[in-house]
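With the working numbering as the guide, the letters of the sequence shown map in order to residues 112 to 240.
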Amino acid sequence: MASSLDPSSLVAFEDAAAGHDGVLSDSTGDLFIKPCTPAEIAFYESSLASHPTFAALMPTFMGTLQLGSPDQILAAQAPTSGITPGTAASLPLSDPGPLKGKKLDTQTAIVLENVAAGFERPNIMDIKL
112 MASSLDPSSL VAFEDAAAGH DGVLSDSTGD LFIKPCTPAE IAFYESSLAS
162 HPTFAALMPT FMGTLQLGSP DQILAAQAPT SGITPGTAAS LPLSDPGPLK
212 GKKLDTQTAI VLENVAAGFE RPNIMDIKL
């Protein structure tokens, strides 16, 4: 999936009531592409691997996508240690946490199923624990 998704074909996701800037969608509206922190990647990966019953209640996680120019992507992917990015071991204590509507300074995005696609007036509840 990720190999066939061209980042230059993405459009701004205009149907969000709140959240941080920079959220994108594919041209069909079926995919939700959201800039993310390593903690978010670790959450989705851990949910799929360790809590499949819980993961079944969430939008389908399809992986990650590198956004931006090739130079920006290479800089973002440059290894800084022997720890695998996106895992719990890679999370710094200074993780930015909630950004209150600001755009994340990252070239990495998670790709999720847009569970609201196809509905005229969807209502989604986003629960934070």
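For every residue, glycine included, the Cβ atom is placed at its ideal position computed from N, Cα and C. Just so you know, these numbers come straight off a predicted model, no measurement behind them.
CB-CB length for residue i against residue j, believed under 8 Å
i, j, result
"Phe-143", "Asn-225", "4 Å"
For residue i, the three-state DSSP class (helix, strand or coil)
i, result
"Leu-166", "First, the amino acid is wrong: residue 166 is Ala here, not Leu. Helix at Ala-166."
"Pro-146", "strand"
"Phe-154", "helix"
"Ser-138", "coil"
"Ala-220", "strand"
"Ala-228", "coil"
"Leu-176", "strand"
"Thr-191", "Because Thr-191 carries a pLDDT of 45, less than 50, the predicted location of this residue cannot be relied on, and no value is offered for it."
Proximity to residue i [Cα-Cα], best of the options
i, options, result
"Met-169", "Leu-159, Leu-178 and Gln-177", "Leu-159"
"Ala-153", "Glu-125, Asp-132, Ala-167 and Phe-172", "Phe-172"
"Asp-141", "Leu-223, Ile-238 and Glu-151", "Leu-223"
"Ser-120", "Ser-136, Ala-227 and Asn-234", "Ser-136"
"Gly-133", "Leu-178, Ala-227 and Lys-239", "Leu-178"
"Leu-116", "Thr-175, Gly-229, Ala-228 and Ser-157", "Thr-175"
Outcome for residue i when other beta-carbon atoms lying within 10 angstroms are tallied against a minimum of 16
i, result
"Thr-219", "buried"
"Ile-221", "buried"
"Ser-161", "exposed"
"Glu-231", "exposed"
"Lys-239", "exposed"
"Glu-151", "buried"
Any chain C beta carbon closer than 9 Å to residue i
i, result
"Thr-217", "Among the protein chains of the structure shown there is no chain C, as only one such chain exists."
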